[in-house]
Amino acid sequence: MRPARKRKLVDTVKADWKVSIRRACSVLKIDRSLYVYKSRRGEQAELKLKIKDICQTRVRYGYRRVHILIKREGWAVNPKRIYRLYKEMDLQLRNKVPKRRVKAKLRADRTEPTHSNHVWAMDFVHDQLATGRKIRVQT
Numbered sequence: 104m105r106p107a108r109k110r111k112l113v114d115t116v117k118a119d120w121k122v123s124i125r126r127a128c129s130v131l132k133i134d135r136s137l138y139v140y141k142s143r144r145g146e147q148a149e150l151k152l153k154i155k156d157i158c159q160t161r162v163r164y165g166y167r168r169v170h171i172l173i174k175r176e177g178w179a180v181n182p183k184r185i186y187r188l189y190k191e192m193d194l195q196l197r198n199k200v201p202k203r204r205v206k207a208k209l210r211a212d213r214t215e216p217t218h219s220n221h222v223w224a225m226d227f228v229h230d231q232l233a234t235g236r237k238i239r240v241q242t
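This is how it looks when you write it as structure tokens:
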């Protein structure tokens with residue numbers, strides 16, 4: 104559970120049961136320091152917008168490539184933060200749809216040869232001589 108959610112729980116227990124913060128934290132087994140803690144990290148809204156813009160213009164880019172582009176623009180951001188925001192915004196790469204192959208049923212059947220020299224085939228034979236030289240022969 105995230106710290107913000109835990110703070111909300113402490114607030115609801117405090118309001119519903121009219122108890123002190125200390126009592127609410129002890130009942131929920133949450134440190135009071137977590138309740139009082141104020142994050143020093145700035146808001147990520149501007150960075151999120153930048154990531155979203157890049158991902159909309161370059162759909163096939165993953166978080167690593169997005170991180171490189173953001174670094175080029177002068178942002179000092181860790182790739183782990185880019186990865187976290189990338190996942191939060193649900194910008195995972197879409198899987199490529201595999202090419203549809205022609206099924207064997209749809210292919211034309213081979214015709215049976217009706218007389219000699221009607222069907223020809225060729226093959227390559229690879230071998231190596233005693234000297235180590237490789238040879239290829241078409242048969």
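Oh and the sequence shown: position 16 is 119 in the working numbering, straight run, nothing missing. Note that beta-carbon positions come from the ideal geometry of N, C-alpha and C, so glycine has one too.
Leaving aside the five residues before and after Pro106 along the sequence, list all residues of the same chain whose C-beta is less than 8 Å from its C-beta, in chain order.
So the list reads Leu137 and Tyr140, once near-sequence residues are dropped.
Can you tell me which residues form a DSSP beta bridge with Val240?
Val228
Spatial neighbours of Pro216 in its chain, beta-carbon cut-off 6 Å, leaving aside the 5 residues before and after
Val222
Should Lys237 and Met192 be called a contact, given that it needs their Cβ atoms to be closer than 8 Å?
Result no, Cβ atoms of Lys237 and Met192 do not sit closer than 8 Å.
Using a 10 Å radius around the Cβ and a threshold of 16 neighbouring Cβ atoms, would you call Leu196 buried or exposed?
exposed
Which residues in the same chain have their Cβ closer than 6 Å to the Cβ of His229, if we skip the five residues on either side of it in sequence?
Arg239
Burial state of Ala127, where buried means 16 or more other Cβ atoms lie within 10 Å:
buried
Measure from the alpha carbon of Arg144 to the alpha carbon of each residue in Met225, Arg184, Gly165 and Trp120, then state which is nearest.
Arg184
Taking Cβ to Cβ, would you say Ile173 is nearer than 8 Å to Lys153?
yes
Taking only the alpha-carbon atoms, compute the straight-line gap between Thr115 and Ile171 and give it to the nearest angstrom.
Roughly 43 Å between the two C-alpha positions.
Could you spell out where the alpha helix (DSSP H) holding His170 opens and where it closes?
For His170, the enclosing alpha helix (DSSP H) covers residues Tyr166 to Arg175.
Given a cut-off of 8 Å, decide if Lys117 and Ile124 are closer than it, judged by their beta-carbon atoms.
yes
In three-state DSSP terms, what is Arg105?
coil
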